[in-house]
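Heads up, this note's numbering is the position in the sequence shown plus 16, with the first residue counted as 1.
Just so it is clear, CB atoms sit at the ideal spot from N, CA and C, and this is done for glycine as well.
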Amino acid sequence: MSGNAKRIAIITGASGGLGKEFVKQVIDDVDEVWAVGRNEAKLEGLKSEFGPKIVPLQMDLSDTKSLSKLSKKIETEEKKSSIQIRWLINNAGAGRFGASKDFTTEEISVSVTTHCTAIAAICNICIPFMKAGDHIVNVSSQSAFSPLPYMNLYAATKAFVYSYTRALGEELRDSGIVVTAVCPGWIQTALLPDTLGGRKVKFPLIVTADKVAEKAIKDARKAKPLSIYRFAVRMVACFQR
17 MSGNAKRIAI ITGASGGLGK EFVKQVIDDV DEVWAVGRNE AKLEGLKSEF GPKIVPLQMD
77 LSDTKSLSKL SKKIETEEKK SSIQIRWLIN NAGAGRFGAS KDFTTEEISV SVTTHCTAIA
137 AICNICIPFM KAGDHIVNVS SQSAFSPLPY MNLYAATKAF VYSYTRALGE ELRDSGIVVT
197 AVCPGWIQTA LLPDTLGGRK VKFPLIVTAD KVAEKAIKDA RKAKPLSIYR FAVRMVACFQ
257 R
């Protein structure tokens, strides 16, 4: 990794919602944003909106073949010219809400692979191309601190993200790479269901994605290991832990 390396941000789940807000927050800090997502049309729309810095990477992170694809992409770019991954933001999400007994094996696999396997693997792929002052931001959830009926699988995988991220931060402390776990409350995104267990759902303290992304990046720049938007949500998380 040379002193004039190409500066890259890799953002998963980048095509909309919180991921798109992360793009807005870091695009001026890098030469390229590798926007990873499943929807190719939305990724191309992102490039149209933000310009040539956006490099669309159509991948489904519930398929482990995508991890090899990302690794090869990084290796190929490194051979062309030295690269530095300034920001790695693991934001891709897969929610299956409802009674756990109704989950299929495939649905369980999608959630666990997306939230657990992919995040750990992508961190391992990217760390060799990072140095002191670079950032890993992994999106967990307030639900990581408490079991949630009808959101059991989602909450359990987010608990993994939280624990893995905090431990990784300690492991990388001497390297100077900053690792931040983002644990927001409810965010206004398409992922949230209208009903759970046959009942209409109201999500308390719900916030917009832009506020969460802005605070997460500010906290990461301050080398904070944990980012939770809104005081009330921080208090809830504190009592749940």
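- THR121 sits exposed, since fewer than 16 C-beta atoms from the chains shown fall within 10 Å of its C-beta.
- GLY149 carries a coil assignment under DSSP once its states are collapsed to helix, strand and coil.
- Taking a cut-off of 8 Å for Cβ pairs, the region 64-82 and the region 121-138 touch, as three or more such pairs fall below it.
- If you look at ASN106, you'll find it isn't in any alpha helix (DSSP H); it sits in the beta strand (DSSP E) that goes 99-106.
- Relative to the Cα of SER157, the nearest Cα in the group ALA148, LYS40, ALA229 belongs to ALA229.
- Nearest to GLY192 by alpha-carbon distance, out of CYS199, ARG237, VAL223, ASN168, is ARG237.
- By the C-beta criterion, the region 61-69 is judged to be in contact with the region 36-51, since at least 3 inter-stretch pairs fall below 8 Å.
- The beta carbon of GLU56 sits closer than 6 Å to those of GLN74, all from its chain and outside the five residues before and after it, given in chain order.
- In the assembly as shown, ASP190 is an exposed residue. Its beta-carbon has fewer than 16 other beta-carbons within 10 Å.
- Per DSSP, reduced to three states, the secondary structure at ARG23 is strand.
- In this structure, ILE138 sits near ASN106, with a CB-CB distance shorter than 8 Å.
- Less than 8 Å divides the Cβ of GLY29 from the Cβ of GLY53.
- DSSP places VAL195 in the strand class (E or B) of the three-state scheme.
- Under the DSSP definition of a beta bridge, GLN74 partners with GLY53.
- Each of LYS96, ILE244, LYS240, LEU184 was checked against the Cα of TRP202, and the nearest Cα belongs to ILE244.
- In this structure, DSSP gives SER157 a state outside helix and strand, which the three-state scheme calls coil.
- Counting only residues of its own chain and dropping the five nearest sequence neighbours on each side, LYS240 has a CB closer than 7 Å to the CB of THR196.
- For LEU164 and LYS174, the gap between their C-alpha atoms comes out near 11 Å.
- For VAL177, the enclosing alpha helix (DSSP H) has its first and last residue at 168-187.
- For LEU164, the secondary structure class from DSSP, reduced to helix, strand or coil, is coil.
- Using a 10 angstroms sphere on the CB of ALA115, the tally of other CB atoms stays under 16, which defines it as exposed.
- For LYS58, the closest of GLU187, PHE176, ASP44, GLY32 by C-alpha to C-alpha distance is GLY32.
- In this structure, DSSP gives ILE203 an extended state, which the three-state scheme calls strand.
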